[in-house]
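Please read the structure below before turning to the comments.
There are 2 protein chains.
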Amino acid sequence: MKIIDKINSPEDVKKLPLGEMDILAQNIREGILKRVNDIGGHLGPDLGIVEVTIALHYVFNSPSDKFVFDVSHQCYPHKMLTGRKEGFINNQYSISGYFNPDESEHDNFTIGHTSTSISLAVGLAKARDILGQKHNVIALIGDGSLSGGEAYEGLNNAGELNSNFIVVVNDNEMSIAENYGGLYKNLEELRNTKGNSQNNFFKSLGFEYMYVEEGNNIEALIQAFKTVKDINKPIVVHIHTLKGKGYKPAEENKECYHWHLAGFLDKKDEISKPIETYESITTDFLLNKKEKNEPVVAITAGTPGAVGFYPEFREKMGENYTDVAISEEHSIAYASALAKGGAKPVLALLSSFIQRTYDQLSQDLALNKTSATILVFWGTIGPMDATHLGIFDIPLISNIPNIVYLAPTNKEEYLAMLNWAYNQNEHPVAIRVPFIPLKSTGIEDKTDYSKLNKFKMIKKGEKVAIIALGNFFNLGEKISNKLKDELNIEATLINPCYITGVDKDMLNNLKETHDLVITLEDGVLDGGFGEKISRFYSTSSMKVKNYGAQKMFTDRVPLNELYKMFGLEENQIIDDIKKLIK
Amino acid sequence: MKIIDKINSPEDVKKLPLGEMDILAQNIREGILKRVNDIGGHLGPDLGIVEVTIALHYVFNSPSDKFVFDVSHQCYPHKMLTGRKEGFINNQYSISGYFNPDESEHDNFTIGHTSTSISLAVGLAKARDILGQKHNVIALIGDGSLSGGEAYEGLNNAGELNSNFIVVVNDNEMSIAENYGGLYKNLEELRNTKGNSQNNFFKSLGFEYMYVEEGNNIEALIQAFKTVKDINKPIVVHIHTLKGKGYKPAEENKECYHWHLAGFLDKKDEISKPIETYESITTDFLLNKKEKNEPVVAITAGTPGAVGFYPEFREKMGENYTDVAISEEHSIAYASALAKGGAKPVLALLSSFIQRTYDQLSQDLALNKTSATILVFWGTIGPMDATHLGIFDIPLISNIPNIVYLAPTNKEEYLAMLNWAYNQNEHPVAIRVPFIPLKSTGIEDKTDYSKLNKFKMIKKGEKVAIIALGNFFNLGEKISNKLKDELNIEATLINPCYITGVDKDMLNNLKETHDLVITLEDGVLDGGFGEKISRFYSTSSMKVKNYGAQKMFTDRVPLNELYKMFGLEENQIIDDIKKLIK
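For the record, the sequence lines run as chains A and B.
Position 303 of the first sequence, counting from 1, maps to 303 under the working numbering, and the rest follow consecutively.
Position 89 of the second sequence, counting from 1, maps to 89 under the working numbering, and the rest follow consecutively.
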């Protein structure tokens, strides 16, 4: 019998003798490997934190004691210890890979972005104090999240608490990729001195401090947590763990196994055949600039792998590559100032994480009209977790003055836009990198993108005009073909290219020969592109119908269900059009 | 002759003997006092930094050496030393109170929000290194800005620079009001130990460190800056200055004179008669909850005065008041977690500064559906600096799922909304506090705001419907009256109350008896409220015209000019309506 079989709640953990806890750790690792091999997920971070999680649940009393896990991507062992092991391991889609209060009272918040745990925990601690309650509040942070500004703001405010507050820093020497920045040098110094260095970031902010070298030793961890339990002031417990612990490939190649697709256990680690992707043509573009000794600077904020900045690329770029660490706010200001200083910054962020940067986009970038290039990856309606949706970047970016936000639809268009953005010196330019398989026309795009807000008329027709943005240009083509086949309508098809403006001339010209304009965008409707078209025509007799996502957080909903729910299926759109033009 | 008369550029500062520099400092102080007394502005911060600025320009060579001033509200002496003294002192509206690259090559960026200087300076330093240039890059930060997450992200990344990088920390022991947080305790410890404490925040992040006790002593400052000039690594120069130096009332009452209205020199500091404002009814509301021993927590992020949280209020609230310091991101997560923990948080932010919090509003608040109340002050079209516009909060907040964003139009409505927001437990609620003189109906508002998105039909008419949001409800009334007077149209007048949704029933009902709907909102049109109404009617024959601000950064443009430019004058609107209904 496996030890995990008798664990149905944290109460059961407390009953285990120490010897069985090590077996439990092994059982949990098997569960993590099975889940990630079955459906993909975070591997290295969770393998590294198994013992910490067991010790936390052994010493503290969740849910009366409150845990807040940063990003909560390290919650896999926690899920298995809090009554969800069956679903987590075997019925995997029933249990998410992040904290989820709807699943369990042991998950205190829905969490998926980095650097929020300390802030949230400070709020819980203050509520406890105001309400005269007594319990421990424990924030668990690490794996790169400490460099985010929100974490620091929380640490600073925690310095004002005169009550129980425990921050567990899980230091596995890594972010998603390698760590960058002065903070991480301090963590290294603290590790090297077994916590005794005079330079101590946490102490400087008013925290008590404790170091635990053997972060994968349950006994040592229990001892440490018992010491700090019920403490009456803020303390940091700095724990040194091994990312990927217990699965050799993950221990040896930490970045590759930070998050992994399903099926890795059966495959040898073969070198996959290089295929051309939007990521690969981006890195080729940047390497080419580097080879020509141009002052290019490729920038990521801690997610190099997610934007195609693979290790060999980073090495080749050398000084022309910056990972600012998980610090999206800084990344925008940094890119803006690089442009101001005469360099050529190209910053790659994910749609969901660019949410951290609204004010920097507005103040540090747009107001200053610096010619930085921002690449926005993973902008799309999709089956992601609610914390990682890629649908809000259009309203976020496109309603800020001065920024040019572009939506390419194929390889050549993307390269032409990237080339223009890189070479010009007038505008901050963001490009929504297509989140669809790479499509090539084979014909170089010679469009002059400096003529802002000029939409491309792909096919001139009548009665119905389809304005199909970025990823949804393909959908526009399909609707156009169906209208021809089913209704014998030669619809107009437009690729707007620009998200941040409307082509007034072209739209005005449509009025004479068209009754209906439909807009298609792969993002949320509210505040988005289509509404601008609706506003443009709102005083005319032109009818407009906007297609996109509804304003809601969807959580791991399959794409076909999302499309159906949002009325984005081809037949739904055709039916709408039939009604609107009758 | 005044010394300042012979200063027309930093070159002239370099020629001065030390004795004349002290006189120059006195001349500059007179200039600051004259300007602020004439047109209002930042007083204490600039009086405190006169000597630092003289010494900076004496030692470094701007513009080849690059200065980046945080918030840049401490740029008054800098402006006077860089060829702009005449305009700054006498033709005041010609020269802004912030960095402005259009004015001078000595201003490296347009800056107005806090905590950006280090980030921007890191980018300038990296550009310098990539381009093989040699010059100093100097970020000047202080007066409360160091607690912002972006500053920390920049500090962390600076730890990776192996080249010249100088951060001047102007420590005047204050933020706008008193300082809060562990960081400021560390600064105090450093001051108390003359820089020798083992706990050193800056050293822990990899910086060299130097302390200057006499921060208003030009000779000491020159010595310090000469020592660090051309240094080949990142260093912090921590300078202890006196906020308000040289003007006794500002030295004694630092918060009151942080920023001051014009005319203070002629007036005695009389206690002004208390008048009822949206701020005062807010603090009364909060104090009442405190007196009833409810778990209310009033929160500000470093701007208590701007939201009416006056010193006596703060004192009375005691533990039920939190100033999280300048850390807007944290303030949202903190408020959300307070609600989660069972307390009653009411967080007050300014429209311009809530821009820092998009991701926290989305992830920490909205996704978690915690019932925090967020009060948004200063949301309006106005003559502010480009860095402080209050027009973007509607697209920012209203396109995030789950948040209820309310726009009251008078005292009773505001109180009813505040009361509902505070008492309910289902929704994150933001309220756009009116930025107009308080208007009272004298009749208690008994609306049940839990019935979301129910617009109020104020006057039922025909042909034209006016949907007038928040601050612009008054304008809606005026348009309604003019339509009656001039065109004999009994227009429908609607107070929508909710920014985050549309009242489908009411809007559908208008279709039968109306030809035109106009929307009025005191904010930017793009991504805003009106566009949602346009989208709603876009497939019908209803014409819609949206009124609000165009998507642009306006800089100190008088309100009447803004209204004219945006077509918001009553006659412009009436003329439009005439054309649209003919």
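Quick reminder that beta carbons are idealized off the backbone N, C-alpha and C, glycines included.
Could you run through the stretch 393 to 406 of chain B and flag, in chain order, every residue whose CB is less than 8 Å away from some CB of chain A?
From the stretch 393 to 406 of chain B, only 395, 396, 398, 399, 400, 401 and 402 have a Cβ closer than 8 Å to chain A.
Indicate the three-state DSSP secondary structure (helix, strand or coil) for residue 259/A in the structure shown.
Of the three classes helix, strand and coil, the one that applies to residue 259/A here is strand, per DSSP.
When Cβ atoms are compared, which residues of the stretch 54 to 85 of chain B fall closer than 7 Å to chain A?
Answer in chain order: no residues at all.
Alpha-carbon spacing of residue 176/B relative to residue 336/A, whole angstroms
Per the coordinates, the alpha-carbon of residue 176/B lies some 28 Å from the alpha-carbon of residue 336/A.
Roughly how many angstroms separate the alpha carbons of residue 371/B and residue 321/A, rounded to a whole number?
Cα to Cα, the separation comes out at about 43 Å.
Note the first and the last residue of the continuous beta strand (DSSP E) segment covering residue 235/B.
It spans 234 to 240 - the beta strand (DSSP E) in which residue 235/B sits, taken as one unbroken run.
Hey, quick one: how far does the alpha helix (DSSP H) through residue 77/B stretch, first residue to last?
From DSSP, the alpha helix (DSSP H) with residue 77/B extends over 76 to 81.
DSSP on residue 300/B, reduced to helix/strand/coil?
DSSP places residue 300/B in strand when its eight states are reduced to three.
Among the residues of its own chain, which have a CB less than 7 Å from the CB of residue 327/B, if the five just before and after it don't count?
Same-chain partners within the cutoff: 147, 148, 149 and 301.
N-terminal and C-terminal residue of the alpha helix (DSSP H) that residue 524/A is part of:
Per DSSP, residue 524/A belongs to no alpha helix (DSSP H); it is in the beta strand (DSSP E), 514 to 524.
Can you tell me whether residue 542/B is helix, strand or coil according to DSSP?
Coil, per DSSP.
Which of the three DSSP states is assigned to residue 505/B in this structure?
If DSSP states are grouped into helix, strand and coil, residue 505/B belongs with the helices.
What did DSSP end up calling residue 465/A once you bin it into helix, strand or coil?
Residue state, collapsed to three classes: strand.
What did DSSP end up calling residue 29/B once you bin it into helix, strand or coil?
In this structure, residue 29/B counts as helix in the three-state DSSP scheme.
When DSSP builds the beta bridges, which residues end up paired with residue 321/A?
DSSP output for residue 321/A lists 298/A as bridge partner(s).
Are the stretch 349 to 368 of chain A and the stretch 526 to 542 of chain A in contact at 8 Å, needing three or more beta carbon pairs?
No, they do not touch.
Where does the unbroken alpha helix (DSSP H) through residue 417/B begin, and where does it stop?
Going by DSSP, residue 417/B is part of the alpha helix (DSSP H) stretching over 411 to 423.
Contact list for the stretch 546 to 578 of chain B against chain A, Cβ threshold 7 Å:
Within the stretch 546 to 578 of chain B, the residues whose Cβ lies closer than 7 Å to some Cβ of chain A are 546, 551, 552 and 553, listed in chain order.
DSSP has residue 209/A in a bridge; who is on the other side?
Under DSSP, the beta-bridge partners assigned to residue 209/A are 236/A.
Residue environment, residue 138/A, which counts as buried when at least 16 other CB atoms sit within 10 Å:
With 16 or more other Cβ atoms within 10 Å, it is buried.
Listing by chain order, which chain B residues have their CB less than 8 Å from the CB of residue 295/A?
For residue 295/A, the chain B residues whose Cβ falls inside 8 Å of its Cβ are 127, 130 and 131, in order along the chain.
Show which residues of chain A have a CB atom less than 8 Å away from the CB atom of residue 364/B.
Against chain A, the beta carbon of residue 364/B has neighbours under 8 Å at 109, 116, 119 and 120, listed in chain order.
Verify whether the separation of the beta carbon atoms of residue 495/A and residue 456/A is less than 8 Å.
Between residue 495/A and residue 456/A, the CB-CB gap stays under 8 Å.
Assign residue 198/B to one of two classes, buried (16 or more other C-beta atoms within 10 Å of its C-beta) or exposed (fewer than that).
Exposed: under 16 other Cβ atoms inside 10 Å.
Is DSSP giving residue 41/B helix, strand or coil here?
Annotated three-state conformation of residue 41/B is strand, per DSSP.
Proximity winner among 62/B, 338/B and 93/B, relative to residue 384/B (alpha-carbon distances)
With distances taken between CA atoms, residue 384/B lies nearest to 93/B out of 62/B, 338/B and 93/B.
For residue 330/A, return the contacting residues in chain B, with the cut-off set at a CB-CB distance below 7 Å.
For a Cβ distance threshold of 7 Å, residue set 119, 150, 153, 154 and 157 of chain B lies close to residue 330/A, ordered along the chain.
First and last residue of the beta strand (DSSP E) that includes residue 67/B?
First-last of the beta strand (DSSP E) with residue 67/B: 66 to 69.
Taking DSSP as the reference, what is the three-state secondary structure of residue 326/A?
Per DSSP, reduced to three states, the secondary structure at residue 326/A is coil, with no helix or strand assignment.
Using a threshold of 8 Å, state whether the C-beta atoms of residue 116/B and residue 46/B are closer than that.
Their beta carbons are not under 8 Å apart, which means residue 116/B does not touch residue 46/B by this criterion.
Hey, out of 511/A, 521/A and 512/A, whose CA is closest to residue 500/A's CA?
Taking only the C-alpha atoms, the option nearest residue 500/A is 521/A.
Among the residues of its own chain, which have a CB less than 8 Å from the CB of residue 280/B, if the five just before and after it don't count?
Residues of the same chain with a CB within less than 8 Å of the CB of residue 280/B, apart from the 5 flanking positions on each side, are 274 and 308 in chain order.
Using a Cβ distance threshold of 8 Å, determine whether the stretch 309 to 316 of chain B contacts the stretch 457 to 477 of chain B, with at least three qualifying pairs required.
With the cut-off at 8 Å, the stretch 309 to 316 of chain B and the stretch 457 to 477 of chain B do not touch.
For residue 113/B and chain A, any beta-carbon pair shorter than 8 Å?
Taking Cβ atoms only, chain A reaches closer than 8 Å to residue 113/B, which makes this a yes.
Which of helix, strand or coil does DSSP assign to residue 472/A?
Note: residue 472/A maps to helix in three-state DSSP.
Identify, in the order they occur along the chain, each residue of the same chain with its Cβ nearer than 8 Å to the Cβ of residue 562/A, setting aside the five sequence neighbours on each side.
Counting only residues of its own chain and dropping the five nearest sequence neighbours on each side, residue 562/A has a CB closer than 8 Å to the CB of 381, 382, 383, 549, 554 and 568.
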